[in-house]
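Single-structure report; data block below.
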Amino acid sequence: MAVPQTLDTLDVGAIRKDFPILKRETQEGVQLVYLDSAASSQKPEQVIHAMSRFYETEYSNVHRGIHTLAEEATAAFESARDRVAEFVGAESSRQIVFTRNATEAINLVANSWGRANLGEGDLVLLTQMEHHSNIVPWQMMASELGFKIEYAPMTDDQRIDLAEYGALLERQPKLVGFTQMSNVLGTINPVAEMAEMAHAAGAVVLVDGAQSVPHMVVNVADLDIDFLAFSAHKLCGPSGIGALYGRRELLEEMPPFMGGGEMIKRVQFDAFVAAELPSKFEAGTPPIAQAIGFGAAVDYLSKLGMPAIRQHEQEMIERALEQLEEVPGVRVYGPAAEHKGGVAAFTLADTHPHDVAQILDRRGIAVRAGHHCAMPLHEKLGLPATTRASFYLYNTPEEIDSLIEGLYAVREVFA
Amino acid sequence: MAVPQTLDTLDVGAIRKDFPILKRETQEGVQLVYLDSAASSQKPEQVIHAMSRFYETEYSNVHRGIHTLAEEATAAFESARDRVAEFVGAESSRQIVFTRNATEAINLVANSWGRANLGEGDLVLLTQMEHHSNIVPWQMMASELGFKIEYAPMTDDQRIDLAEYGALLERQPKLVGFTQMSNVLGTINPVAEMAEMAHAAGAVVLVDGAQSVPHMVVNVADLDIDFLAFSAHKLCGPSGIGALYGRRELLEEMPPFMGGGEMIKRVQFDAFVAAELPSKFEAGTPPIAQAIGFGAAVDYLSKLGMPAIRQHEQEMIERALEQLEEVPGVRVYGPAAEHKGGVAAFTLADTHPHDVAQILDRRGIAVRAGHHCAMPLHEKLGLPATTRASFYLYNTPEEIDSLIEGLYAVREVFA
Amino acid sequence: MDDLYREQIIDRYKNPQMRGNLDPHDYSYEDDNPLCGDRIRMDLRVDGSGRVTEAAFSGEGCAISQASADLLTEKVVGMSLDEVKSYTKDELIEMLGIDLGPVRLKCALLSLKVLKAGVYGLDELEEELAAL
Amino acid sequence: MDDLYREQIIDRYKNPQMRGNLDPHDYSYEDDNPLCGDRIRMDLRVDGSGRVTEAAFSGEGCAISQASADLLTEKVVGMSLDEVKSYTKDELIEMLGIDLGPVRLKCALLSLKVLKAGVYGLDELEEELAAL
Ligand SMILES: Cc1ncc(COP(=O)(O)O)c(C=O)c1O
Ligand SMILES: Cc1ncc(COP(=O)(O)O)c(C=O)c1O
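So, in structure tokens, the structure goes:
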């Protein structure tokens, strides 16, 4: 375990030793430079090992079991839920529902809360910088239930336009959903302020924390939000698990999303009674070992300290923006570094992002190219695609240098 | 890897060495006897290791990525899908949708196919031996859409009553859903025959393969069924992933279930176009490492041979039933061994199953007690709960002896 | 003998002291645990000063649930209603003198849930008990 | 230089030989790859014996998609429609002479998809191409 040297500084060298994959070469002699953590982060051996160990020594299905393994597995599983709850400042673990990913968490709200609360004439307010996961579930429900969707626009430097947002709130949306951090622009939205405005307008507030929870302190009580969706795989945890935090009263009133084992209290041939929270929303065998890994991941991050992680990433993005802007032809999207997480999406003259990413890959540099599941945003930007480099706690300034050198190499190919 | 000595015999001793947890003691000096595989199976190190190795060397988010890790991870993920498809005899991997578990697979059909095809006046036919996962999703949709549910009854020896089933089919249900193997009674249903009858009556056929796919050859083409739901965690694979097989034409016509990244071809602010199969049904980051584990699990089982596994379990259940019936006060539910998988649910005089399970646990014997997510079936049997011992490829005859001795000990406590 | 099944538990299960129904009664409540089919009803009679004068339980289920109900019913006689309300699950567990996992804890605590729900309504309890 | 970006690919991307539109034409089709915004249109003229006499492409996108379209458009001139139909993705890949991962393969094959869809309708192709 890499422990921070001082309260505010990450020992990135030590951290990198925790991540086995970072030792990898992508081809012979080509060292991996992983700049794709916004798509999914790598995993420290603490997390990988927690899951292997669990399978090797105490695996069993959870709940309802009386035997020793079932009790141990259940205790480990519920302890993971407790730590995830604490990680986001939830009052009670019962407000944390384990899902497959952030996407399912949002679908759960759209389906369950949506069906119970939305209909013709209603409005759901999103923003122009949303990921498909916070657009398509609402579009699906809108076409079924007949409500309308509006998208709050951005300022010229691609931050949320609070004046326009306020104006749209006057139309009294029933729900406002927005990302805390854009996965393309890096924009960090003023969640507490936006939530307060939305609440004043009578709306329920759903925050997409897929990009923020991994990278900064996110506390649902301080932010005063109603729902928070996030995924383990972006915060050093395993694939296959995410979470929905929900305000107690809302979760309690909501009908179940899926039916099956675990989510019931009682079933008869003609009717069923749903279980208490959070089981009500967890139908079937849950992602058990993945919860163990999720717990280990939040432990890992907490030990290092989210403020230190955020500070490291802030230093990284400042340096990256500075250097990127010096490369002729590069244009970076999104606001200035101070309003941004560790995400830099850019174009390089008229070289297609696929070509950029491919040439970088031959140098071991893993970046993403495409619409990053934000097609409407790209349409708004007038671009079919961008190249995106994203940073996490294990990235080093030298890796930014490699990226920059790589971009000069791309320029040469297409000179 | 434990390779069978002959075509039809498992080398259980060698197999046990593959499962690290089987070495465990539950208390000092008390060796684990794991008889709870129907709830969830244990995992061989081949599976555990495949996932760790994946995280340590080639993890990345899948699809759309151009960099080396993304390509490797995508290739591994899709290769897992291919092997799962092959394992159940699907024509194409595109007919395999990865879900969280069997429960989600059934919910997917109930929601997507159900909403598109079911309404007032329609009938869905299930059976009295279904798991909650194949009851509650239909109850939820029924109360929304207004269709009716009927349950085909059982014969006195708790097999499906084919005459009654045939009579109910005359009412022309739109969908017939049944388990291939009961998780309580062990009853193996004549799927091919039931499917043929259902098709003749014009119904779509969904089979709950959660208990059958892990234990016997299940081939969707031979059985001629329309949907098959199953979970990896019951077949030596990881928690957090399951699969839905679907007939191509049906899957293609069905609307998406959840919305988000990956399941779209194109998104605009006002509409989206769904992706091709199977992405259409896989919203958000999928259970990537879990798919790798799922693939490793079906490889493991295939190498041993499903017929050999089935034969071993048949021998186990025969022996178990023989010995159980000799214990005074024991009553086993379900049909004779030849119609049964490796599952024995029983009561011991009027000792509550919880007490039975607890005393067995003190001897290291892990069995399950309760309604096993089949409350309506238990109500039908007039029992609040049963004790269930279930067997898998790693169980030995000696473990049955331990169970029997344990039951005598229970009798003594409650004498 | 297994420590979970101390002589007292088995004995109380086999030979309950407090089984029965009180009719009429001042307080009565019944609940079950659908997971395992344990079912408990408790009846109380209370005097003018709010002290429990008589108590009885009925129901069915596992040894732990029934023995716990029998012991609790006995314990409650002579308590004031306020004492009943402030009786904690830890006190009950201590009285049982056995070490319980989460599933069996629910069995053991069903009688306490029924008692408290009878005395002051279920709502206030839900929180505390659902978390067990 | 990077082997994926062999001189020929970059050269064809920068200096396409077959860019343009044919109006009128006998066959024309356009499609895109929404993932990356690659877009290709191909126009063909065919003589009485069903042989391609002229071909042109237009569109935009990455180097691979555009170079592939340019090379394929050139290749197709002189082929019979039957030869076009039986031209395989492996032949195209061989002509490109580069090693492609699955995402870039879609870029490279967009032009072939457009060509074939133009010549005999999209339906028959869906299967083969969607699997890429
Ligand atoms: C017959 C049957 N169907 C469905 C399920 C549900 O499986 P899962 O919990 O993995 O979704 C089970 C497992 O308990 C089962 O035994
Ligand atoms: C802002 C944002 N929201 C939602 C998601 C969806 O996350 P997942 O794919 O884990 O469901 C992502 C990840 O790509 C994201 O960046």
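Chains as they are written, first to last, in the working numbering: chain A, 1107 to 1521; chain S, 1107 to 1521; chain H, 106 to 237; chain G, 106 to 237. All C-beta atoms, glycine included, are put in the ideal place defined by N, C-alpha and C.
Can you list, in chain order, the stretches of the alpha helix (DSSP H) that have 4 or more residues and sit fully within the region 1198-1254 of chain A? 1208-1214, 1220-1223, 1242-1251
Contacts of L140/G in chain S (Cβ-Cβ under 7 Å): R1170
Could you pull the start and end residues of the beta strand (DSSP E) that D148/H belongs to? 143-151
Given a threshold of 16 other Cβ atoms within 10 Å of its Cβ, counted over all protein chains shown, does A236/G qualify as buried or as exposed? Residue placement at A236/G is flagged as unreliable, the pLDDT there being 47, under the threshold of 50; a coordinate-derived value is accordingly withheld.
Rounded C-alpha distance that separates W1219/S from M1360/S: 6 Å
What do you get for P1279/A, buried or exposed, if any count of 16 or more other CB atoms within 10 angstroms of its CB means buried? buried
Whole-angstrom C-beta distance between A1211/S and L1350/S, which should lie under 8 Å: 4 Å
In the DSSP output, what is D136/G paired with across the bridge? I145/G
Give a yes or no on whether 8 Å exceeds the smallest Cβ distance from V208/H to chain A. yes
Could you list the residues in the region 1355-1374 of chain A with a C-beta less than 8 Å from some C-beta on chain H, going in chain order? K1371, R1372
Measuring straight from C-alpha to C-alpha, what distance separates P139/H and K1371/A? 7 Å
Can you determine whether any heavy atom of ligand 1 sits closer than 7 Å to the C-beta of T1205/A, and answer yes or no? no
In chain A, what lies closer than 8 Å to G1401/S by C-beta? Here the premise fails: no neighbours, minimum Cβ distance about 14 Å.
Mind checking which residues open and close the beta strand (DSSP E) that includes Q1133/S? 1131-1133
I need the straight-line Cα distance from Y118/G to G1352/A, nearest angstrom please. 52 Å
Where I1198/S falls, given that 16 or more other Cβ within 10 Å makes a residue buried: Reading off the sequence shown, one finds Ser at residue 1198/S, where the question assumed Ile. Exposed: under 16 other Cβ atoms inside 10 Å.
Under a CB-based cut-off of 8 Å, is A1495/S close to chain H? no
Element boundaries [beta strand (DSSP E), containing G164/H]: 157-165
Taking the runs of the alpha helix (DSSP H) that are 4 residues or longer, which of them lie wholly in the region 1372-1446 of chain A? 1394-1410, 1412-1430
Can you name the residues of chain G whose CB is closer than 7 Å to the CB of E1177/S? G206, P207
Q1201/S versus A1327/S: straight-line alpha-carbon distance, rounded: 12 Å
Does the Cβ of H1477/A lie closer than 7 Å to at least one heavy atom of ligand 2? no
Below 8 Å between beta carbons: does that hold for H1237/A and A1395/A? no
What three-state label does DSSP hand G1283/A in the structure shown? strand
Give a yes or no on whether the minimum CB-CB distance between P1392/S and chain H is below 8 Å. no
Mind listing the chain H neighbours of P1233/A? Cutoff is C-beta to C-beta under 7 Å, in chain order. The amino acid at residue 1233/A is misidentified as Pro; the sequence shows Thr. Per Cβ cutoff of 7 Å: no residues; T1233/A is ~36 Å from chain H at best.
Span separating the alpha-carbon of E179/G from that of A160/G: 7 Å
Within 8 Å (strictly less), CB to CB, does I198/H reach chain S? no
Is L1241/A close to chain G, meaning its C-beta is less than 8 Å from at least one C-beta of that chain? With the sequence shown as reference, residue 1241/A is identified as Ile, and Leu is not the correct amino acid for it. So no, I1241/A is outside the interface.
Candidates G166/G, C167/G, E165/G, D148/G: which alpha carbon is nearest T158/G's? D148/G
Give, in chain order, every residue of the region 168-183 of chain G whose Cβ lies closer than 9 Å to some Cβ of chain A. A168, I169, S170, Q171
Using three-state DSSP, classify I1471/A as helix, strand or coil. strand
Tell me R1142/S's beta-bridge partners as DSSP assigns them. Residue identity check: residue 1142/S is Asp in the sequence provided, not Arg. Its beta-bridge partners are S1496/S.
Around the C-beta of S1166/S, are 16 or more other C-beta atoms found within 10 angstroms, so that it is buried, or is it exposed? buried
Assess, as a yes-or-no matter, whether the region 1291-1304 of chain S is touched by the region 1433-1450 of chain S under the definition of 3 or more beta carbon pairs within less than 8 Å. yes
Give me the DSSP bridge partner(s) of G1476/A. T1492/A
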